[in-house]
Amino acid sequence: MPETIKFAKLSNSNYNDWKSDMQAHLGEHGLWRLVCGKEPMPTKADLVKDWETKAIKAASKIYLAVGQDQKVHIKEFLEDPVAMWKKLESVHVSKKPGARFNAYDDLFTISKKEDETLMDLSTRVTEAMAKIKNLRPAKFTVDKLDKELEAMSHIRALPADYKHLTSALMLLPELDKDTVLELFKAEELQRTKEEQAVQRAAAAAASFVSRGRGRGRGGYGYRGSGGHANMICFNCGEKDHLAYNCQQPKKSIQTNRA
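Here the sequence shown is numbered in the UniProt record's numbering, starting from 1 and rising by one per residue.
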C-alpha cells in the first residue's frame with residue numbers, strides 16, 4: 001500500500017511550510033542528507049547502485065508531495081532529487097534584495113491584534129524573521145545586511161510618484177547605497193530635462209499668443225479695416241471702406257460719374 005503524505009502538498013502559497021514538512025519527511029526515511037547535497041554519489045562502483053536507488057526514492061517522494069500545477073517545474077529531474085529540490089526553491093523563493101525589503105517591511109509593521117495574546121504575537125514575529133532568513137543567500141554577511149538596510153531606507157523614503165523608481169530598484173540582483181544613488185542621480189537628471197521641456201513649450205505658447213494679440217482687434221492676423229484707412233468709397237464718398245462693403249444704397253455708375 002503506497003505511503004500517504006501527512007502534510008499539505010506544495011502549492012503556489014505554502015512553500016515555507018511545505019519545505020519544513022518535506023525536509024522532516026525525507027529525514028525520517030534517511031534521505032535528507034542526499035537531497036541537501038551532503039551525501040554525494042560515492043566513488044566506489046559497488047556503492048553507486050544503492051545510492052542511485054536512494055536518489056530515485058527521494059525524487060519520487062518529492063514529486064508525489066507537490067501539487068499537480070507544481071510538477072511542471074521538476075518533471076525533468078525525476079532521478080535527481082538534488083536538482084529537484086533546488087529548482088523548487090528557485091521557483092518559490094526570490095533571494096533578491098527586493099524580496100528581503102518586503103519581508104523586512106512586513107516584520108517592522110507587525111502589531112498586536114486586539115484579541116491576540118503576547119505569545120501569539122511573538123510567534124508571528126518569529127515566523128516573519130524566519131522568512132527573512134530564508135530569503136538570504138548562503139554567503140550573506142552582517143556587512144551586506146548593513147548595506148542593504150541603508151539602501152532600503154533610501155527606497156522606503158520615496159513618495160508615491162517615484163513608484164517606477166522603487167520598482168526598478170527592487171528588481172536589482174544587488175542593492176547598496178552606491179547603486180541607489182546612481183539611480184537617484186539618473187532620475188533627477190531625467191526629471192530636470194522633462195521640466196525644462198515643459199518650460200520651453202510654455203514659453204513658446206506664450207510667445208505665440210503675444211504675437212497674435214499684436215495684430216489688431218481679435219489678434220492672430222486680424223487687421224480690421226486698417227488697410228482701407230486712406231481710401232474713399234466711390235459709392236458714398238466716405239473714408240475707411242470701399243464700395244463693395246458700403247452700407248449706403250448703391251448708386252448707379254452714371255450718377256456717381258455725374
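Positions of the beta carbon are idealized from the N, C-alpha and C atoms, including for glycine.
Residues Val48, Trp51 of the same chain have their beta carbon placed closer than 7 Å to that of proline 42, with the five preceding and five following residues left out of the count.
Check the Cα spacing between lysine 6 and each of Met152, Asn16, Gly30, Leu64: the tightest is with Leu64. Straight through space, the alpha carbons of alanine 160 and leucine 169 are spaced by roughly 14 Å.
Collapsing the DSSP output to three states places isoleucine 155 in a helix. The region 107-120 makes no contact with the region 183-190, as fewer than three CB pairs between them are under 8 Å.
Excluding sequence positions up to five before and after lysine 131, its CB lies within less than 7 Å of the CB of Asn16, Ala103, all in the same chain and listed in chain order. Listed in chain order, the alpha helix (DSSP H) runs fully inside the region 110-160 are 118-134, 142-156, counting runs of at least 4 residues. Per DSSP, reduced to three states, the secondary structure at leucine 31 is coil, with no helix or strand assignment.
Excluding the 5 residues flanking it on each side, alanine 58 has same chain C-beta neighbours closer than 7 Å at Leu26, Leu31, Leu34, Val35, Pro81, in chain order.
Taking 8 Å as the upper bound for CB-CB distance, histidine 154 and valine 125 are not in contact here, some 25 Å apart.
Between alanine 151 and lysine 177 the beta-carbon gap is near 5 Å, inside 8 Å, which marks them as a contact. In the displayed model, isoleucine 232 falls within a strand according to three-state DSSP.
Proximity to glycine 67 across Glu39, Leu88, Lys144, Val198 peaks at Leu88, based on C-alpha coordinates. Contact between isoleucine 56 and glutamate 28 does not hold, since their C-beta atoms are separated by about 18 Å, which reaches or exceeds 8 Å.
When C-alpha distances from alanine 99 are compared across Ala8, Leu172, Gln190, the shortest belongs to Leu172. Cβ-Cβ distances below 6 Å link leucine 165 to Glu187 in the same chain, with the five nearest sequence neighbours on each side left out; the list follows chain order. Taking a C-beta distance under 9 Å as the contact criterion, leucine 107 and methionine 129 qualify as a contact pair.
Under a 10 Å Cβ-count criterion, asparagine 245 is classified as exposed, with fewer than 16 other Cβ atoms of the shown protein chains found around its own Cβ.
Contact between leucine 175 and proline 97 holds, with the beta-carbon distance rounding to 4 Å and staying under 8 Å.
C-alpha of phenylalanine 101 to C-alpha of glutamate 127: approximately 16 Å in a straight line. The DSSP-derived three-state label of lysine 239 is strand.
When rounded, the separation of the alpha-carbon atoms in lysine 54 and proline 40 is 11 Å. The DSSP assignment places 15-28, 32-35, 45-64 as complete runs of the alpha helix (DSSP H) inside the region 4-72, in order along the chain (cut-off: 4 residues). Here DSSP, grouped into helix, strand and coil, assigns serine 90 to helix.
The C-beta distance from valine 91 to histidine 73 rounds to 5 Å, short enough to meet the 8 Å contact threshold.
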